[in-house]
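Participant:
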């Protein structure tokens, strides 16, 4: 008997635009939420997802290393207050990106990492499938939230929920496990359209308790030596207008942490940025806004006035009392909190010690004069040292305050932070809470894309090595980025000695003769190699004016710099006298 099955009207093969894949649904989900800039590195199974993003009008910035794409996404999130989006492949690509997402979570930058993933039913059974790794559970301890999309229908909801999680409360990184079956699934476009929605009130401000505000107002009004401590959380929240009102109305000095520099001008009349020790030792009431009393601030103990009290504004209740009791915690949206404090202070006066602000101003003037003399003395040093180079760079950047400064290294980070005054908020990006190396080129791309402004990166030669290949990304997208590499031939410096007496370089030794400028030239950028102040001034001025990629190798003395910069105290004592 013959085959009686009829194939007279076979189902037509799926065809776009009548049918769409999960990859297309992912692109549309991002686009419809305004997440139109994506940073990443493609391969199985996400290559066509990136093409779909371009198809729907999004921007995809392809990198050489997933970690740097993640650093770009994190910096973008910090500067825009919208989640930066990272797209990676599975397994090690996912892990490379996760380092940046974990860093974003620690630093409270809103970010979404989307990584392709093998079918989880095969991973769970440990079948030895392609790039087998339980990525969802690997990511969970390191991010604010994690979701897995097993079906295409899950994708719009996962993206919307990830957006909400990334920006709500204390911002941070969110992970989406984008499985290959979900990406490959085909749906009718009409059915897919029903899945999309616009989330309502994606960031909801939460006001602090009224009693908490009243307590903070009463404590601040009682202060004799008040001070304001500004962290990058205050910069992220855009509080410069309210902080300015508080400072100027009540004559309160402020101290800015590194990425809060410029929230109010570093050289403003109430700036106590040169008086860190005095603030810590003498202030009796300190208003902490968007900062954490962590290792960078001696955990709120040590040098701090033992009789002093803290008012702490934070979006996260877990931050309160972390290392020291907080006399007046104010937990909630920081803009709302600060506005309520200002409202509560109306009609009140702070009867402070009349010598407090004037004393800090006198100390600032004296220290600034001493620092200026240090730069002046260094300006003629040959070969150049860090201070010589910075004596040239300082006036150029301060005359162009709208340039975004990216900065990393050891001595290069510390000395640049101390030297260059910032006058605009959110114009300094550095290695932040973890004090890590390796955020430079990614952060340059993220800053340039987020702001549309020119970017100057000041990098130690060791720090540049962590991310230098992604200078190629800066060139490929023709971004207005100038990278300045301080080359002293090593990690910290170039004078380390192999204690075993062999021919191998010391652990901290790199190459004082390296010509980093040639990396720029090989990718089509302007390259400069300078060893004196006149050539550095000319190169930097030309590079900034060009608004194109440029790389400047600044040759420093090999003995310029010390181990671990300003935080050498964190190193264990070796008991052996090494030359580092």
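Residue numbers (this note's numbering): 122 to 701. For every residue, glycine included, the Cβ atom is placed at its ideal position computed from N, Cα and C.
1) Would you kindly work out how many angstroms separate the C-alpha atoms of residue 482 and residue 475, rounded to a whole number?
2) According to DSSP, residue 435 sits in a beta bridge with which residue or residues?
3) Just the C-alpha distance for residue 597 and residue 350, rounded to the nearest angstrom, thanks.
4) DSSP state of residue 150, grouped into three classes?
5) So what does DSSP say about residue 637, is it helix, strand or coil?
6) Please state whether the Cβ-Cβ distance between residue 336 and residue 300 is less than 8 Å.
7) For residue 683, which residues in the same chain have their Cβ closer than 8 Å to its Cβ, ignoring the five residues on either side in sequence?
8) What do you reckon, are the CB atoms on residue 508 and residue 536 nearer than 8 Å?
9) Indicate whether residue 648 and residue 631 have their beta-carbon atoms separated by less than 8 Å.
10) From residue 249 to residue 385, what does the alpha carbon distance come to, in whole angstroms?
11) How is the beta strand (DSSP E) around residue 349 delimited, first residue to last?
12) May I have a chain-ordered list of the alpha helix (DSSP H) segments no shorter than 4 residues that lie completely inside the segment 192-277?
13) Rounding to the nearest angstrom, what Cα-Cα distance links residue 319 and residue 313 in this structure?
14) Decide if the segment 156-172 is in contact with the segment 236-253; the criterion is three or more beta carbon pairs, one per stretch, under 8 Å apart.
15) Could you check what DSSP says for residue 672 in three-state terms: helix, strand or coil?
16) CA-CA distance, residue 347 and residue 436?
17) Would you mind listing the beta strand (DSSP E) stretches within the segment 545-608 that are 3+ residues and don't spill past its ends, in chain order?
18) Taking the alpha-carbon positions, what's the residue 321 to residue 693 distance?
19) Comparing C-alpha positions only, which one of 570, 699, 470 and 554 sits nearest to residue 620?
20) Quick one: using the 10 Å Cβ neighbour count with 16 as the cut-off for buried, is residue 184 buried or exposed?
21) Give me the residue from 600, 401 and 431 with the minimum Cα distance to residue 423.
22) With residue 172 as the anchor, note down where its alpha helix (DSSP H) starts and where it stops.
23) Compute the Euclidean distance between the alpha carbons of residue 643 and residue 344, then round it to the nearest angstrom.
24) Could you give the DSSP three-state label for residue 683: helix, strand or coil?
25) Helix, strand or coil for residue 489 per DSSP?
26) Below 8 Å between beta carbons: does that hold for residue 254 and residue 244?
27) Helix, strand or coil for residue 371? Go by DSSP, reduced to three states.
28) What does residue 158 pair with, by DSSP beta-bridge criteria?
29) Would you kindly work out how many angstroms separate the C-alpha atoms of residue 298 and residue 668, rounded to a whole number?
30) May I have a chain-ordered list of the alpha helix (DSSP H) segments no shorter than 4 residues that lie completely inside the segment 360-407?
31) Is it true that the segment 398-415 meets the segment 431-446, where meeting means three or more beta-carbon pairs spaced less than 8 Å apart?
32) Would you list the residues sitting across from residue 611 in a DSSP beta bridge?
33) Alpha carbons only, please: which of 606, 144, 180 and 377 is nearest the one belonging to residue 161?
34) Answer with buried or exposed for residue 548, where buried requires no fewer than 16 other C-beta atoms within 10 angstroms of its C-beta.
35) With a 10 Å radius around its C-beta and 16 neighbouring C-beta atoms as the bar for buried, classify residue 228 as buried or exposed.
36) With distances taken Cα to Cα, identify the nearest neighbour of residue 608 among 543, 560, 530 and 661.
Facilitator: In short:
1) Pairing residue 482 with residue 475, the inter-Cα distance amounts to about 12 Å.
2) Bridge partners of residue 435: 452.
3) Cα to Cα, residue 597 sits roughly 40 Å from residue 350.
4) In the structure shown, residue 150 sits in a helix (DSSP, three-state: H, G or I).
5) It is coil, neither helix nor strand.
6) Between residue 336 and residue 300, the C-beta gap is not smaller than 8 Å, which leaves the two residues out of contact.
7) Result list for residue 683: 532, 613, 614 and 689, in chain order.
8) Result yes, Cβ atoms of residue 508 and residue 536 sit closer than 8 Å.
9) The answer is no: Cβ separation not under 8 Å.
10) In this model, residue 249 and residue 385 are separated by some 56 Å (Cα to Cα).
11) 347-351 is the span of the beta strand (DSSP E), which, as asked, contains residue 349.
12) DSSP runs (the alpha helix (DSSP H)) wholly in the segment 192-277: 213-228, 241-245 and 256-260.
13) Near 14 Å, if we compare the C-alpha coordinates of residue 313 and residue 319.
14) With a cut-off of 8 Å, the segment 236-253 and the segment 156-172 count as touching, because enough Cβ pairs lie within range.
15) Under the three-state reduction of DSSP, residue 672 is assigned to strand.
16) Rounded to the nearest angstrom, the two C-alpha atoms are 22 Å apart.
17) List check, beta strand (DSSP E) in window: 549-551, 576-581 and 602-608.
18) Approximately 51 Å between the Cα atoms of the pair.
19) Looking only at 570, 699, 470 and 554, the smallest Cα-Cα distance to residue 620 is reached by 699.
20) By the Cβ neighbour-count rule, residue 184 is buried, with 16 or more other Cβ atoms within 10 Å of its own.
21) Considering only alpha carbons, the answer is 401.
22) It spans 168-176 - the alpha helix (DSSP H) in which residue 172 sits, taken as one unbroken run.
23) C-alpha separation (whole angstroms): 59 Å.
24) Reduced to three states, the DSSP call for residue 683 is coil.
25) When DSSP states are grouped into helix, strand and coil, residue 489 belongs to the helix group.
26) Going by C-beta atoms, residue 254 is nearer than 8 Å to residue 244.
27) In this structure, residue 371 counts as helix in the three-state DSSP scheme.
28) Answer is 180.
29) So the two alpha carbons sit approximately 38 Å from each other.
30) With a minimum length of 4 residues, the unbroken runs of alpha helix (DSSP H) contained wholly in the segment 360-407 fall at 361-371 and 397-403.
31) Enough Cβ pairs lie closer than 8 Å, so yes.
32) Residue 611 is bridged to 630.
33) Out of 606, 144, 180 and 377, 180 has the C-alpha closest to the C-alpha of residue 161.
34) By the neighbour-count rule (16 or more Cβ atoms within 10 Å), residue 548 is buried.
35) Buried, by the Cβ-count rule.
36) Nearest C-alpha to residue 608: 530.
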